[in-house]
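Engineer:
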Amino acid sequence: MKKNNLKVYKFLLGVLFNSLFFVGHAQSNWKLSIQTWTFHKYSFLESVAKADSLGVKYLEVYPGQKVGGDMPGVFSYTLDKNVRDKLKQYLIYRKIKVVALGVIDKYYYNKDNLEKFFEFAKYMDISFITAEPEWEDLDEFNRLAAKYKVKVALHCHPKPSSHYWSPDSTLKAMQGRKNIGAWPDIGHWARNGVDIQDAMKKLEGKIWGLHLKDIRQFDNTAAEDTLLGKGVCDIPAVLKEIKRQKFKGVISLEYEVNPKHNMSEMHENVMYYLSQLGKL
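Residue numbers (my numbering): 4 to 283.
1. Could you tell me which residues DSSP puts in a beta bridge with G252?
2. Residues in its own chain within less than 6 angstroms of T173 by CB, not counting five upstream and five downstream?
3. Restricting to runs no shorter than 4 residues, where is the alpha helix (DSSP H) found entirely within the segment 79-166?
4. Rounded to whole angstroms, what is the Cα-Cα separation between G281 and Y112?
5. Mapping DSSP to helix, strand and coil, what is V241?
6. Once DSSP output is grouped into helix, strand and coil, what is the label at Q38?
7. When you compare the segment 199-213 with the segment 270-281, are there three or more beta-carbon pairs, one atom per stretch, that lie closer than 8 angstroms?
8. In the DSSP assignment, the alpha helix (DSSP H) including P187 goes from what residue to what residue?
9. For the beta strand (DSSP E) containing K69, list its first residue and its last residue.
10. Identify every residue that forms a DSSP beta bridge with H214.
11. Nearest-angstrom Cα distance between M4 and I245?
12. Measure the C-alpha to C-alpha separation of K243 and P170 and round it to an integer number of angstroms.
13. In angstroms, rounded to a whole number, what distance separates the CA positions of F25 and F120?
14. Between the alpha carbons of H160 and L35, how many angstroms are there, rounded?
15. Helix, strand or coil for E63, going by three-state DSSP, please let me know.
16. Is the distance from the Cβ of T39 to the Cβ of Y65 below 9 angstroms?
17. P75 by DSSP, collapsed to three states: which one?
18. Assess, as a yes-or-no matter, whether the segment 88-108 is touched by the segment 45-60 under the definition of 3 or more beta carbon pairs within less than 8 angstroms.
19. Checking 9 angstroms against the spacing of the C-beta atoms, do S255 and I107 come in under that value?
20. So, with DSSP's three-state summary, where would you put Y276?
21. Is it the case that the Cβ atoms of E214 and P239 are separated by a distance below 9 angstroms?
22. Identify which residue in K84, M203, A193 and K162 has its Cα closest to the Cα of K216.
23. Nearest to S165 by alpha carbon, out of E135, A176 and L147?
24. Taking Cβ to Cβ, would you say G72 is nearer than 9 angstroms to L94?
25. The alpha helix (DSSP H) with K263 in it runs from where to where?
26. Tell me, please, which residues DSSP counts as bridged to T229.
27. Under 7 angstroms Cβ to Cβ from A149, same chain only, skipping five residues before and after it: list those, please.
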């Protein structure tokens, strides 16, 4: 990095940390997180360092991410107690909190291993499992959430493969299941042609977290991500709506473009988010 660029970067980081201090007072119930799929070309330990350098202290971790360093395995229930304990201590040292594990879907879980995800989340002090359960498994997810005191939040992906691409199907899945809430991806809503504001109002009171992203084109399941504020998702309106709802939860930034070299874009996304919070 050239010397002038380094100076600019350090200056912006200073602005960022000052902004984070302000945000802690302005919206103290909102936890700014990064979904580590953003850094899926890197290990979990590398993702922790990247988030820390951005001033972000919360993570939503996908269960297939390699741990990294001298520790074998992926961030999932398959880790032995020794590695789990090392990670817990490392996260305390870095002052980083994993708030969610996911997204857990049929690619990861089956009837034999589902409970192990909840046991792992409980052991690691993770509050939420973000998931896309099969319809027939919703009651079991709800039961395990109650048993382990780890809430389940329904996520969405592009239609037609996602059961919860519509807020209506998400509402139906939550009915009668008090341990299941919503964790939508507003970018996927837009890809699916779903009106974001309408969807958020339908789920009012049950949104426990969300993926905050922007995309280039509405109603196109192949639309690429873009920087926050540069696409069709109307991020300021999203933040105003969750403020109106008295939202208390996690806002996970996810950016799926240029995964090998996306730190400058993620820095812009964090700065944009903070700038919008200052306008609420």
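Virtual Cβ for every residue (Gly too), placed ideally from N, Cα, C.
Structural biologist: This is what the structure gives:
1. W33
2. L157, Y167 and A185
3. 84-97, 117-126 and 141-151
4. 40 angstroms
5. helix
6. strand
7. no
8. Neither: P187 is in no alpha helix (DSSP H) and is coded neither H nor E.
9. K69 to G71
10. D188 and S255
11. Note that M4 scores 47 on pLDDT, short of 50, meaning its location in the model is unreliable; the coordinates nonetheless yield the value given after this. Straight-line Cα distance between these residues: approximately 39 angstroms.
12. 19 angstroms
13. Legend: pLDDT at F25 = 46, less than 50; position of this residue unreliable, no value from coordinates given.
14. 21 angstroms
15. strand
16. yes
17. strand
18. yes
19. no
20. helix
21. Note that residue 214 corresponds to His in the displayed sequence, not to Glu. No, the pair does not count as a contact, with Cβ atoms beyond the cut-off.
22. A193
23. E135
24. no
25. Taken as a continuous stretch (DSSP letters only), K263 belongs to no alpha helix (DSSP H), as it is neither H nor E.
26. D217
27. N182
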